[in-house]
Each structure stands twice: as C-alpha cells, then as structure tokens.
Amino acid sequence: MHAMHDGAVLRASIITGIAYALPIFALGFVLGVVRTLVLRAQPGWPAWAAVSMELPAMLFAAWWWLGRLAHGRHDPDYRSSALLVGLSAFFVLMTTETLLGLLVGRTLADEGRALMTLPGALGLLGQVAFAALPLLRAGSRP
Numbered sequence: 079m080h081a082m083h084d085g086a087v088l089r090a091s092i093i094t095g096i097a098y099a100l101p102i103f104a105l106g107f108v109l110g111v112v113r114t115l116v117l118r119a120q121p122g123w124p125a126w127a128a129v130s131m132e133l134p135a136m137l138f139a140a141w142w143w144l145g146r147l148a149h150g151r152h153d154p155d156y157r158s159s160a161l162l163v164g165l166s167a168f169f170v171l172m173t174t175e176t177l178l179g180l181l182v183g184r185t186l187a188d189e190g191r192a193l194m195t196l197p198g199a200l201g202l203l204g205q206v207a208f209a210a211l212p213l214l215r216a217g218s219r220p
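This note's numbering applies: residue 79 is where the sequence shown begins, and numbers increase by one.
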C-alpha cells in the first residue's frame with residue numbers, strides 16, 4: 079500500500095513539474111523574442127543587461143503560477159514532493175530550451191557554449207532559482 083502511495087506522489091509531482099514548467103517556458107519564449115528584437119536592437123545594449131531585466135519578471139511569474147497550481151491543494155506530502163516538482167520542472171525547462179535551440183539550427187555544443195557566457199550563466203542561474211521555487215513555496219505554506 080505504501081509503495082502505491084509513493085508511486086502516486088511521484089506521478090503527481092512530475093505532472094505538477096510539467097504543468098509548472100511549460101507555461102513558464104512559453105512566457106520565456108515570448109520575452110526572449112521581445113528581448114532579442116527590441117532591447118538587443120538598441121546600440122550598445124549588452125545582452126547580460128537584457129537578461130537581467132527579464133529574470134525578475136520570469137521568477138515573479140513562476141512564483142505566481144506555482145501558487146496557482148498549489149491553490150486549494152491539501153496535499154500533506156507537498157513539502158516532500160516539492161524537490162521532485164522542482165527537478166522535473168528544471169528538466170522540462172532545460173530540455174525544451176535545448177530542443178528549441180536544435181530546431182533553429184544550434185548544436186548541443188553551441189548550447190553548452192552559450193551557458194558559458196554572462197547572459198547564458200545569468201539565464202542558467204534563473205533556471206536554477208526557478209527549480210528551487212517549489213521548495214521555497216513549500217516552506218512558506220502553513
């Protein structure tokens with residue numbers, strides 16, 4: 079009986095992680111297009127500054143969306159599953175971002191090199207913070 083309960087918690091956590099990640103990826107896609115077309119088109123505007131402006135909006139949206147997903151849930155295992163929610167969301171976010179890069183002609187090496195730049199490192203830091211939000215949110219629940 080306990081193993082079946084653990085399987086249900088595992089499934090629910092992964093599904094919640096996917097539901098958390100996909101809308102935030104879509105928002106990031108839209109903001110990334112705006113950042114690329116509008117902000118980066120300004121002469122002398124550094125890429126890291128544009129990413130730095132995007133990060134707080136993304137993390138605020140992620141915090142809000144995570145609250146909407148958790149609203150009304152009376153899951154006593156939420157705190158224990160929050161780590162899995164964050165990890166599965168991080169996996170989905172990184173996978174969809176990598177697949178998008180591959181679709182537009184970038185290689186996996188290109189993707190890796192992009193993470194070694196200041197804008198890429200800032201973006202990765204934001205994605206790690208995104209993955210940590212379920213734990214922070216679980217800690218703030220009564």
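Cβ coordinates follow ideal geometry from the N, Cα and C atoms, glycine included. Note that the coordinates shown come from a computational prediction; the quantities given were computed from them, not determined experimentally.
Residue environment, residue i, which counts as buried when at least 16 other CB atoms sit within 10 Å
i, result
"F208", "buried"
"G201", "buried"
"P197", "buried"
"F107", "exposed"
"I93", "exposed"
"R215", "buried"
"V129", "buried"
"A140", "buried"
"G85", "exposed"
"L144", "buried"
"G95", "buried"
"M79", "With a pLDDT of 41 at M79, under the threshold of 50, the modelled position of that residue is not reliable, and no figure is offered here."
DSSP three-state assignment for residue i, whether helix, strand or coil
i, result
"G145", "helix"
"A119", "coil"
Assumed close pair residue i, residue j - CB separation to whole angstroms, cut-off 8 Å
i, j, result
"A167", "A99", "4 Å"
"S159", "A90", "7 Å"
"V163", "P212", "4 Å"
"M221", "I102", "Because the chain is modelled from 79 through 220, residue 221 falls outside the range shown and cannot be assessed."
"E189", "T173", "Incorrect: roughly 11 Å between the Cβ atoms, too far for contact."
"L133", "G204", "5 Å"
"A97", "L147", "6 Å"
Query raised in the report: Counting Cβ pairs closer than 8 Å, one from the stretch 112-121 and one from the stretch 178-191, do we hit at least three?
Result: no
Query raised in the report: For the stretch 123-210, which segments carrying the alpha helix (DSSP H) assignment without a break, of at least 4 residues, lie completely within its bounds, in sequence order?
Result: 125-148, 156-181 and 186-193
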